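Report on the following structure.
Residue numbers (the working numbering): 89 to 299.
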């Protein structure tokens with residue numbers, strides 16, 4: 089495993105010193121080795137210090153593009169520390185200025201790190217609150233369901249009693265309706281007997297008168 093001694097931590101970034109070849113130009117091949125070693129160490133934010141570098145060859149831009157694509161898949165990023173207009177223009181022509189992060193000073197790099205950490209904390213806190221809220225809502229729902237069950241049983245008892253009262257009232261009404269007919273029948277029989285007695289009495293009286 090490659091033991092790196094040419095990088096330091098600045099905020100969330102591992103800041104690499106620009107590797108140079110014997111003629112003092114940026115060494116793209118050595119850069120690839122160094123970045124790969126950091127990625128193998130699970131580094132997700134890697135920056136390279138190009139301060140003092142006047143220009144980059146195409147192989148350097150290709151290497152930057154390669155690692156930017158790889159780190160983007162894990163939410164990482166390549167950072168470039170430079171204020172050189174030639175390098176910035178070259179990044180623009182290669183289409184990298186919208187993908188990598190450009191920093192003119194280490195202070196800007198630190199500011200980005202602080203801002204990114206704050207955003208991460210803001211995202212994590214609401215997530216925990218949402219989990220707690222979901223648990224609380226679940227408990228409230230379960231409690232409400234438990235309270236509703238006795239209420240349903242009470243309604244059942246009321247319905248049963250109501251049905252019993254209805255049946256009882258119906259029987260009373262039926263009984264009351266039958267009673268007048270029974271009374272009318274008794275009165276009719278009594279009247280019939282009175283008429284028979286009067287008829288017989290009249291017949292007896294007529295018999296004696298005619299006799």
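For glycine and all other residues, C-beta sits at the position ideal for the given N, C-alpha and C.
What you are looking at is a predicted structure, and each value in this text was computed from that prediction instead of being measured.
Given this structure, state the Cα-to-Cα distance separating residue i from residue j, to the nearest angstrom.
i: residue 288; j: residue 277; result: 17 Å
i: residue 200; j: residue 144; result: 25 Å
i: residue 131; j: residue 203; result: 19 Å
i: residue 123; j: residue 141; result: 18 Å
i: residue 107; j: residue 167; result: 15 Å
i: residue 172; j: residue 95; result: 21 Å
i: residue 194; j: residue 118; result: 23 Å
i: residue 129; j: residue 186; result: 26 Å
i: residue 147; j: residue 120; result: 10 Å
i: residue 134; j: residue 165; result: 7 Å
i: residue 111; j: residue 163; result: 35 Å
i: residue 158; j: residue 109; result: 25 Å
i: residue 105; j: residue 93; result: 9 Å
i: residue 281; j: residue 292; result: 17 Å
i: residue 279; j: residue 286; result: 11 Å
i: residue 290; j: residue 298; result: 12 Å
Does any CB atom of chain C fall closer than 9 Å to the CB of residue i?
i: residue 192; result: Absent from the structure: chain C. Only one protein chain is present.
What whole-angstrom Cβ distance do residue i and residue j have, given they're in contact under 8 Å?
i: residue 103; j: residue 169; result: 7 Å
i: residue 156; j: residue 138; result: The Cβ separation is near 15 Å, so there is no contact.
i: residue 116; j: residue 151; result: 5 Å
i: residue 101; j: residue 197; result: 6 Å
Using DSSP bridges, identify the partner residues of residue i.
i: residue 169; result: 137 and 191
i: residue 72; result: The displayed coordinates of the chain run from 89 to 299. Any statement about residue 72 would go beyond what the structure contains.
i: residue 95; result: 104
i: residue 200; result: Beta-bridge pairing links residue 200 to no other residue.
i: residue 114; result: 108
So, is residue i buried or exposed, given that buried needs 16 or more other C-beta atoms within 10 angstroms?
i: residue 98; result: buried
i: residue 284; result: exposed
i: residue 154; result: exposed
i: residue 296; result: exposed
i: residue 136; result: buried
i: residue 174; result: exposed
i: residue 294; result: exposed
Original post:
Is there contact here, the stretch 160-179 with the stretch 190-202, by at least three beta-carbon pairs under 8 Å?
Top reply: yes
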